[in-house]
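Asker: Sending over a structure as structure tokens; questions will come in a sec.
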Amino acid sequence: MRLPLFAWTAQALLVMAPGVSAEPSDPRSLLAGLRAEHPRLILTDERLRDLKARQADDPLLRRYMEDVRAEADRLLTAAPLRHEIPDGLRLLAVSRACLHRVSTLALTYRWTGERRYADAALRDLRAVCAFPDWNPKHFLDTAEMTTAVALGYDWLYPILDDATRATLRESLIRLGLEPGRQGYEEEKYNFPRMVNNWNQVCNFGLSVGALALADTDPERAAAILANAIRSLPLAMKHYAPDGAWMEGPGYWNYATSYTSYGIAALDTALGNDLGTAAYPGFSRSGFFPIYGSGPTGAYLCYADAGMLARRGPQACLFFLAGKFGLPELADSEHAVLRDGKASAFHVAWYQPPSGQSFRRDLDRYFAGPVEVVVMRSAWEDPDALWVGAKAGFNQVPHGHLDLGNFELDALGVRWALDLGADNYNLPGYWDGREGGRRWSYYRLNSQSHNVCTLDGQDQRVDGTARVVRWHSQPAEAAVVIDLTHAYTAVTRAGRGIRLLRQERAILVQDEFDLPGPRDLEWGMTTAAEAEIAADGSALLRQAGKRLRVQVLAPAGARFTVASAERPKPEAENRGLRRLLLRLPAVSGEQRIAVLFTPDEIPAPTLSPLAEWPGARVE
573 MRLPLFAWTA
583 QALLVMAPGV
593 SAEPSDPRSL
603 LAGLRAEHPR
613 LILTDERLRD
623 LKARQADDPL
633 LRRYMEDVRA
643 EADRLLTAAP
653 LRHEIPDGLR
663 LLAVSRACLH
673 RVSTLALTYR
683 WTGERRYADA
693 ALRDLRAVCA
703 FPDWNPKHFL
713 DTAEMTTAVA
723 LGYDWLYPIL
733 DDATRATLRE
743 SLIRLGLEPG
753 RQGYEEEKYN
763 FPRMVNNWNQ
773 VCNFGLSVGA
783 LALADTDPER
793 AAAILANAIR
803 SLPLAMKHYA
813 PDGAWMEGPG
823 YWNYATSYTS
833 YGIAALDTAL
843 GNDLGTAAYP
853 GFSRSGFFPI
863 YGSGPTGAYL
873 CYADAGMLAR
883 RGPQACLFFL
893 AGKFGLPELA
903 DSEHAVLRDG
913 KASAFHVAWY
923 QPPSGQSFRR
933 DLDRYFAGPV
943 EVVVMRSAWE
953 DPDALWVGAK
963 AGFNQVPHGH
973 LDLGNFELDA
983 LGVRWALDLG
993 ADNYNLPGYW
1003 DGREGGRRWS
1013 YYRLNSQSHN
1023 VCTLDGQDQR
1033 VDGTARVVRW
1043 HSQPAEAAVV
1053 IDLTHAYTAV
1063 TRAGRGIRLL
1073 RQERAILVQD
1083 EFDLPGPRDL
1093 EWGMTTAAEA
1103 EIAADGSALL
1113 RQAGKRLRVQ
1123 VLAPAGARFT
1133 VASAERPKPE
1143 AENRGLRRLL
1153 LRLPAVSGEQ
1163 RIAVLFTPDE
1173 IPAPTLSPLA
1183 EWPGARVE
């Protein structure tokens, strides 16, 4: 039996990183391979020399460094950073700005030797070191600022005078590492016991800070590393087995970026990642954002992702490509960078194009705490059909009540979409308990998602779902999801999604066995205009394209259209609508089958989900 994520935390605290056989009796032994000189974090001088030598024959590397330098030029005249918490909770925007500025300016100084870039970085480093705090009550802010100041201290170390070195060291300890110690040893802050992205950002951010000071303050640094390694399994184990991320694609990037900073810093500072890269699934996680985005470029936007969130530049894919010998990850990132700007970390982790042709599966099933399935008709066709769906748990960090939710691309348009997150500062947004206010918000409950509801009720907060059948062949792909435990008082519930590649069609089929009369509603959110035909089918129009949506079952069912707009303070969802099928007071075995196709095709023969093709998934 699979348990909710929150039930696993105490046990996970007893687990060490896979590559660490036992907790060391003396944490200082973790620093046995410490590189004495600076810079030693992520970008050493040897690596920098190799990159500069390569650029003469590598136009892509030259272009990426030009991107970084152009941004550094813009930052030269930026106003110094200020301690600003506009929402009363988060300093996070300032911490992120500091990391961006310092990494960009310090790298450009090291590349060009022009002191003005170093001086601009020091302007911001001195500013944040004069802050009264780095807002440890929202510890992400502290961890990200610790990373920024640690990199600035390390990358600029050779040109810092003694007084500046002392200022940066003292600030790293007082504002970063000491609050971290209080979180680990006094439980003053919750990050060491968290199971989500907070765990990686905070543990790896503090680890980068510890490694920066490991020569001058080895006991403190070793204690931070030992505590981080002890805490990391809470989050890192959730990459298993296939690399998907329970919090959705946006938080995959956040968590994996900080995981990459931390592992890269361990590699360069110690020559040893202390087992932190050995968690099952992590080495393959770079495929998750690649497969998880459709032909439109938009992700399968489950959890608190943004509506129509698109894959942008992700430097961690270069790190993962180099760390695990997966050049196809770097090639994919190069493709994204054709229309994007490179960051300092793209240069630091640069991997040249492989020049190879890699086989890409049309379909992919990512098992894990939150299961993700994606299917497509082609990779290179911008008009390809693509559908993604999710199973797993509702009650996960950043989760919505959306088991079985799907999103759909065709003809270069996202037709079925997820509205994504709402304002994190809404009252009760983080109260995810049964009856918690989180579930009163439209974007988070079942009413806005592409799922079925019963009697207008949301899915169970503690609901679970699992993939029970998976099929991927040249002519078609199919998945069946058992949704019985997502709903209350049902004998059986399931959803099947079938991509018919030759017919250019997607079938979504839902089955319920209801012990008594229930109002069953099928719903889908779309930005398209919807015209309901005499036979009850819908013709969707968007961006000059058309998609037919036919009701194959039950006989006589008709689509209706309703607004998805909401009043403030919730997101207003302007111009969005719901395509609905309503079956009032039905009981027993019920089937809803909906076919999406750009073309007129004969209706496929329907069969029970239990008879769909594919292997059983246990």
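Going from the sequence shown to our numbering is simple: count from 1 and add 572. All C-beta atoms, glycine included, are put in the ideal place defined by N, C-alpha and C.
Report the three-state DSSP secondary structure of residue 636 (helix, strand or coil).
Answerer: Looking at residue 636 - three-state DSSP - the assignment turns out to be helix.
Asker: Assuming residue 972 contacts residue 1016 (C-beta within less than 8 Å), just tell me the rounded distance between them.
Answerer: 5 Å
Asker: Using CA atoms only, rank isn't needed, just tell me which of 694, 918, 814 is closest to residue 726.
Answerer: 694
Asker: Among 964, 1101, 1006, which residue has its Cα nearest to the Cα of residue 941?
Answerer: 964
Asker: Flag this pair as yes or no: are the beta carbons of residue 1099 and residue 989 separated by less than 8 Å?
Answerer: Cβ distance < 8 Å, so residue 1099 and residue 989 count as in contact.
Asker: Using 8 Å as the threshold, is the C-beta distance between residue 957 and residue 1076 below it?
Answerer: yes
Asker: How would you label residue 856, buried or exposed, when you count the other beta carbons within 10 angstroms and need 16 or more for buried?
Answerer: buried
Asker: Mind checking residue 614: buried by the 16 CB within 10 Å criterion, or exposed?
Answerer: Classification for residue 614: buried.
Asker: Check residue 1066 in the structure and name its three-state DSSP category.
Answerer: strand
Asker: Run through DSSP, which three-state label would residue 837 get?
Answerer: helix
Asker: With respect to the alpha helix (DSSP H) encompassing residue 862, which residues constitute its N-terminal and C-terminal limits?
Answerer: 859-863
Asker: Cα separation between residue 808 and residue 639?
Answerer: 32 Å
Asker: With a threshold of 16 other CB atoms inside 10 Å of the CB of residue 722, please say whether the residue is buried or exposed.
Answerer: buried
Asker: If you draw a straight line from the alpha carbon of residue 937 to that of residue 821, how long is it in whole angstroms?
Answerer: 15 Å
Asker: Can you tell me which of the three DSSP states residue 1171 falls into?
Answerer: coil
Asker: Looking at the structure shown, is residue 611 part of a helix, part of a strand, or coil, going by DSSP?
Answerer: Taken through DSSP and simplified to helix, strand or coil, residue 611 comes out as coil.
Asker: Which residue marks the beginning of the alpha helix (DSSP H) containing residue 1075, and which one marks its end?
Answerer: Unbroken run through residue 1075: none, as it is neither H nor E.
Asker: Taking DSSP as the reference, what is the three-state secondary structure of residue 1254?
Answerer: No statement about residue 1254 is possible, as the shown extent of the chain runs from 573 to 1190 and does not include it.
Asker: Starting from residue 682 and walking both ways along the alpha helix (DSSP H), at which residues does that stretch end?
Answerer: Unbroken alpha helix (DSSP H) run through residue 682: 664-684.
Asker: Return the residue from the list 732, 598, 1062, 910 that minimises the CA-CA distance to residue 610.
Answerer: From the listed residues 732, 598, 1062, 910, the smallest Cα separation to residue 610 is found for 732.
Asker: What are the residues that DSSP puts in a beta bridge with residue 1048?
Answerer: 1072
Asker: With C-beta atoms as the reference, is residue 1086 less than 8 Å away from residue 1162?
Answerer: yes
Asker: Bridge partners for residue 1190 per DSSP, in chain order?
Answerer: Paired residues: none, contrary to the question.
Asker: CB residue 707 to CB residue 663, shorter than 8 Å?
Answerer: yes
Asker: For my contact list, residue 861 and residue 883 are in at a C-beta cut-off of 8 Å; report their separation, rounded to the angstrom.
Answerer: 5 Å
Asker: From residue 874 to residue 760, what does the alpha carbon distance come to, in whole angstroms?
Answerer: 32 Å
Asker: Can residue 898 be considered in contact with the ligand GDP, in the sense that its beta carbon sits closer than 7 Å to one or more heavy atoms?
Answerer: Absence of the ligand GDP is noted for the structure shown, with no ligands found whatsoever.
Asker: Which residues in the same chain have their Cβ closer than 8 Å to the Cβ of residue 1027, if we skip the five residues on either side of it in sequence?
Answerer: 1090, 1091
Asker: Cβ atoms of residue 1039 and residue 818: under 8 Å apart, would you say?
Answerer: no
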